[in-house]
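First up is the structure itself, then whatever we jot down about it.
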Amino acid sequence: MANEAAAMKQSAPERGARQEVVGVVTSAKMEKTIVVKVTRTTRHPLYQRVVRFAKKYYAHDEAREARVGDTVRIVSTRPLSKLKRWRLKEVVARSTRVA
9 MANEAAAMKQ SAPERGARQE VVGVVTSAKM EKTIVVKVTR TTRHPLYQRV VRFAKKYYAH
69 DEAREARVGD TVRIVSTRPL SKLKRWRLKE VVARSTRVA
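Read the sequence shown against the working numbering and you will find it ends at 107, with the numbers running on by one and no gaps.
Quick look at the structure:
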């Protein structure tokens, strides 16, 4: 009986890999929330020019370690509030800007 439970536990499918994106913090004024601007580039389908698209993500920053201008990596998570679906994973690079 115990062997069956162990076998079922091992055969359970793994959770999918979480999405990760890298962006720049544009706002850190809220409590435990940062706004991250993620810029991606893609080729225009007709004109073949490289076009930049930017999108804002609200991310949870429990320790309030990210500051404006920092480059951060965020990962997708369960919904934490109306707008927050991302969580801060790490600060990739600190801003050299003087606050």
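Positions of the beta carbon are idealized from the N, C-alpha and C atoms, including for glycine.
Keep in mind it's a predicted model, so treat the numbers as computed, not measured.
TODO: Just mark V80 as buried or exposed, buried being the case when its beta carbon has 16 or more other beta carbons within 10 Å.
DONE: The sequence position of residue 80 within the sequence shown is 72, counting from 1. Around the C-beta of V80, 16 or more other C-beta atoms lie within 10 Å, and the residue is accordingly described as buried.
- [ ] Rank F61, T49 and V29 by C-alpha distance to the C-alpha of E98 and give the top, closest one.
- [x] One-based indexing of the sequence shown puts residue 98 at position 90. Closest option to E98, Cα to Cα, is V29.
TODO: Output yes or no for whether 7 Å exceeds the beta carbon distance between V59 and H52.
DONE: Position 51 of the sequence shown, counting from 1, holds the residue named residue 59. Position 44 of the sequence shown, counting from 1, holds the residue named residue 52. Against a cut-off of 7 Å, the Cβ pair of H52 and V59 comes out as a contact.
Open item on the list: Cutting at 8 Å between CB atoms, please list the residues of its own chain near E112, excluding the five before and the five after it.
Closed with: Since the displayed the chain opens at 9 and closes at 107, residue 112 lies outside it and no answer follows.
Open item on the list: To the nearest angstrom, how far is the alpha carbon of A71 from that of K40?
Closed with: The residue labelled residue 71 in the question sits at position 63 within the sequence shown. The residue labelled residue 40 in the question sits at position 32 within the sequence shown. Distance between the alpha carbons of A71 and K40 is about 7 Å.
Open item on the list: Using CA atoms only, rank isn't needed, just tell me which of D78, M38 and G24 is closest to L91.
Closed with: Working through the sequence shown from its first residue, we reach residue 91 at position 83. With distances taken between Cα atoms, L91 lies closest to M38.
Open item on the list: On the DSSP bridge list, what partners appear for R26?
Closed with: Stepping through the sequence shown from its first residue, residue 26 is reached at position 18. Answer is none; R26 lacks a bridge partner.
- [ ] Return the chain-ordered list of same chain residues with a C-beta closer than 6 Å to the C-beta of D78, the five sequence neighbours on each side being excluded.
- [x] Taking the sequence shown and counting its residues from 1, one reaches residue 78 at position 70. V33, V99, R102 and S103, listed in sequence order.
Task: C-alpha gap between Q56 and T50, whole angstroms - done: If you number the sequence shown from 1, residue 56 lands on position 48. If you number the sequence shown from 1, residue 50 lands on position 42. One C-alpha to the other measures close to 9 Å.
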